[in-house]
Amino acid sequence: MITREEYLQALEIVKLYRKQCLEDIGLSDDLLKGIDPDSLFREVSSRKLYQALKHREFFSLSDDYTVSEVASLVNDYGIKEIRKNRGFGGKLGLELQSIISGMQPI
Numbered sequence: 001m002i003t004r005e006e007y008l009q010a011l012e013i014v015k016l017y018r019k020q021c022l023e024d025i026g027l028s029d030d031l032l033k034g035i036d037p038d039s040l041f042r043e044v045s046s047r048k049l050y051q052a053l054k055h056r057e058f059f060s061l062s063d064d065y066t067v068s069e070v071a072s073l074v075n076d077y078g079i080k081e082i083r084k085n086r087g088f089g090g091k092l093g094l095e096l097q098s099i100i101s102g103m104q105p106i
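Quick note on numbering: UniProt numbering labels position 19 of the sequence shown as 19, and the sequence is numbered without any gaps.
In structure tokens, the structure reads:
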């Protein structure tokens with residue numbers, strides 16, 4: 001049986017790993033907490049993420065998509081399905097999830 005202390009220790013490791021991954025892609029939790037849903041997705045995301053989504057068949061990204069529009073497309077298609085695509089299971093998948101979950105409430 002896993003004790004509460006073991007659970008909290010594992011949770012702390014997960015938080016540190018998430019922070020490390022976000023730093024690797026040049027994002028921070030503070031930046032992601034206040035993303036304006038009306039800002040352009042290409043200005044918020046890394047170039048690698050933007051290009052990867054732009055070249056996927058489930059997105060027809062233009063330069064004018066906002067973060068909220070991309071979030072809507074991601075929610076329609078499903079983040080789990082997107083993460084199954086090559087290259088989205090690691091840092092790109094984490095970045096996409098972080099941007100979507102970091103939007104300010106409308």
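Just so it is clear, CB atoms sit at the ideal spot from N, CA and C, and this is done for glycine as well. All values derive from a computational prediction rather than experimental measurement.
Where the alpha helix (DSSP H) through residue i begins and ends
i, result
"SER68", "67-77"
"SER98", "91-101"
"PRO84", "Checking the sequence, you will find Lys at residue 84 rather than Pro. Note, LYS84: premise wrong, no alpha helix (DSSP H); not H, not E."
"LEU53", "47-54"
Whole-angstrom distance between residue j and residue i, CA atom to CA atom
i, j, result
"LEU37", "THR3", "The question names Leu, but residue 37 is Pro in the sequence shown. Roughly 40 angstroms separates the two Cα atoms."
"THR66", "ALA10", "35 angstroms"
"ALA52", "GLY87", "8 angstroms"
"GLU23", "ILE35", "17 angstroms"
"LEU8", "VAL70", "34 angstroms"
Buried or exposed by the 16-neighbour rule on C-beta atoms within 10 Å, applied to residue i
i, result
"GLU12", "exposed"
"SER98", "buried"
"VAL14", "exposed"
"TYR17", "exposed"
"PRO105", "Here the model assigns PRO105 a pLDDT of 47, short of 50, so the residue's position is not dependable and the matter cannot be decided."
Residue j beta carbon less than 9 angstroms from that of residue i
i, j, result
"LEU40", "LEU92", "no"
"GLY89", "CYS21", "no"
"LEU94", "ILE82", "no"
* Asked: Counting Cβ pairs, one atom from each stretch, are 3 or more of them under 8 angstroms apart for the stretch 39-50 and the stretch 74-86?
  -> Counting Cβ pairs under 8 angstroms, fewer than three are found: no touch.
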